[in-house]
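Peer 1:
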Amino acid sequence: AFALVRPPGHHSMRVVHGNRGFCNINNEAIMLAWIRDRYEGPGGRPLRIAVVDTDVHHADGSQDVFWNDPDTLFISLHQDGRTLYPGTGFLNENGGPAALGRTVNIPLPPGTSDEGYLDVLERVVLPILRDFKPDLVINSAGQDNHFTDPLANEQLSAQGYAALNARLAPDIAVLEGGYSIRGALPYVNMGICLALAGLPAGDIVEPDWTPRATRQSADVTNYIAKLADKVLAQWANPPSHPTEGKEQDGFWVRRKNIFYDTDYIQETQTERWGLCPACRGLGIIDTQSSRVPLSLCVLIPRGACPHCRDLAFEKLDQARKSGRYAHVLCIDEDSTRNEPKQAWPLKEKQWQ
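Numbers in the numbering used here are just positions in the sequence shown, counted from 1, shifted up by 1.
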């Protein structure tokens, strides 16, 4: 399936105060929650889902949503954040305390072409997917790494996109960014559709394409080879604790300042994840912005233990009585836990 949706969503985080990076809500995160509410993996275990984001911009919103989810592998191939918005997505951003190593960032240099993307796919992405063994693979199919895109500096062609999707073989592709309306989108969308249908894409002709337009320099090729080795080494040996934040009073605490570039909103946020040996841990988020007064969100994760569930309702009761918060919200990921779930129809991938 290929969801041709607008606006894109991968810059929208767990907490949303407005539009940033042209994104209002993280539609893929909502889709994953909907699927998890209705389906389960073999033996009744949680579905193992891989999100592979190939948009040219780092998917900082999706990374934020899945940061502490051990059942979701998040991989982002993007132009190096030192050269492009949002300025994030580096190798040391590798997941929360319950999901260390489940975030994999691959920051590619400007000038990466079909050759570089397909090399990283074969050398890094597919081996990691084989190791993770996902039940479901989703491609966040941004198209702004096309050689004609005005907002970035990569050099993919429609043929490259088609080849990437043919090898990745996602169960679902979701359109993300892409701003070369005439020069890229008609051809790239066609390439992705053909790849998902198992059809050849060799007859796609891009009017602006020349061999020089997608030629990759030797320096870029060498850089990508070294980068691939670093990413694989980190996957094989994830860190012992997150590189973002610190431990405090039984929680892992991150403090964030988030700028909404489209709506010019400044948010300050404190995020806490319980360090629980029995489950993923309770999530508590204090947030306020130039638009919304101080508010609280308490997140009860899927499969939460009784202690964390009790603690969540205790925190909610304290917050409501304190009068400090303009809004107090509880998100219970197990709210449909008593409803029967269907077994996810597993498909064997050609890269498995």
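Every residue gets a Cβ at the ideal spot worked out from N, C-alpha and C, and that includes glycine.
Bear in mind that the values here come from a model prediction, so they are computed numbers and not experimental data.
1) Quick one: what's got a C-beta closer than 8 Å to Cys-309's C-beta in the same chain, skipping five residues either side?
2) Have a look at the DSSP bridge pairing and note the partners of Lys-247.
3) Sort Pro-187, Ala-198, Tyr-261 by Cα distance to Ile-205 and report the nearest one.
4) Please return the same chain residues whose Cβ sits closer than 7 Å to the Cβ of Pro-210, not counting the five positions on each side in sequence.
5) Which residue marks the beginning of the beta strand (DSSP E) containing Phe-75, and which one marks its end?
6) For Glu-272, write down the residues that DSSP places opposite it in a beta bridge.
7) Quick check: the region 231-246 against the region 33-51, are at least 3 beta-carbon pairs closer than 8 Å?
8) Here's the rule: buried if 16 or more other CB atoms are within 10 angstroms of the residue's CB, otherwise exposed. What is Leu-347?
9) What whole-angstrom Cβ distance do Gly-179 and Asp-145 have, given they're in contact under 8 Å?
10) Taking only runs that begin and end inside the region 125-194, name each unbroken beta strand (DSSP E) of 3 or more residues, in chain order.
11) Take the Cβ of Thr-244 as the centre, count every other Cβ of all protein chains shown within 10 Å, and call the residue buried at 16 or more, exposed below.
12) Compare the beta carbon distance of Leu-78 and Tyr-118 with 8 Å and say whether it is the shorter of the two.
13) Who does Phe-3 pair with in a DSSP beta bridge?
14) Give me the Cβ distance between Thr-1 and Asp-61, rounded to the nearest whole Å; I'm assuming they're in contact under 8 Å.
15) What residue range is occupied by the uninterrupted alpha helix (DSSP H) comprising Trp-307?
16) With distance defined between alpha-carbon atoms, name the residue in Val-329, Pro-87, Ile-266 nearest to Cys-298.
17) Would the region 46-60 count as touching the region 135-144 if we require 3 or more Cβ pairs under 8 Å?
18) Starting from the C-beta of Arg-255, find all residues in its chain whose C-beta is less than 7 Å away, skip the five residues before and the five after it, and write them out in chain order.
19) If you follow the beta strand (DSSP E) that Asp-220 is part of, which residue opens it and which one closes it?
Peer 2: So, from the data block:
1) The residue you call residue 309 lines up with position 308 of the sequence shown. The answer, listed in chain order, is Gly-275, Cys-277, Ala-279, Cys-280, Gly-282, Leu-283, Ile-301, Pro-302.
2) Here residue 247 refers to the residue found at position 246 of the sequence shown. For Lys-247, which the question treats as bridged, DSSP gives the partners Val-254.
3) By 1-based counting over the sequence shown, the position of residue 205 is 204. Of the listed residues, the one whose Cα sits closest to Ile-205 is Pro-187.
4) Locating residue 210 in the sequence shown gives position 209, counting from the first residue. It should be pointed out that residue 210 corresponds to Trp in this sequence rather than to Pro. Hits under 7 Å: Ser-158.
5) The residue labelled residue 75 in the question sits at position 74 within the sequence shown. Per DSSP, Phe-75 belongs to the beta strand (DSSP E) from 73-80.
6) If you number the sequence shown from 1, residue 272 lands on position 271. Answer by DSSP bridge pairing, in chain order: Arg-255, Ile-286.
7) no
8) The residue given as residue 347 occupies position 346 in the sequence shown. So Leu-347 ends up on the exposed side.
9) Looking up residue 179 in the sequence shown gives position 178. Looking up residue 145 in the sequence shown gives position 144. That belief holds up - the Cβ atoms of Gly-179 and Asp-145 are roughly 5 Å apart, short of 8 Å.
10) 137-142, 173-176
11) Position 243 of the sequence shown, counted from the first residue, corresponds to residue 244. Thr-244 should be labelled exposed.
12) Position 77 of the sequence shown holds residue 78. Position 117 of the sequence shown holds residue 118. Their beta carbons are under 8 Å apart, which means Leu-78 touches Tyr-118 by this criterion.
13) As a first step, residue 3 is located in the sequence shown; it is residue number 2 there, counting from the start. BP columns for Phe-3 point to Ala-174.
14) Residue 1 is absent from the model: the chain starts at 2 and stops at 353.
15) To locate residue 307, count along the sequence shown from 1; it is residue 306. A small correction: the amino acid at residue 307 is Pro; Trp does not occupy that position in the sequence shown. Where Pro-307 is concerned, the enclosing alpha helix (DSSP H) stretches over 307-323.
16) Position 297 of the sequence shown holds residue 298. Minimum Cα distance to Cys-298 is reached at Val-329.
17) yes
18) Here residue 255 is taken as the residue at index 254 of the sequence shown, counted from 1. Taken in chain order, the residues that qualify are Glu-245, Gly-246, Glu-272.
19) Walking along the sequence shown from the start, residue 220 turns up at place 219. Where Asp-220 is concerned, there is no enclosing beta strand (DSSP E), although the alpha helix (DSSP H) it sits in stretches over 219-237.
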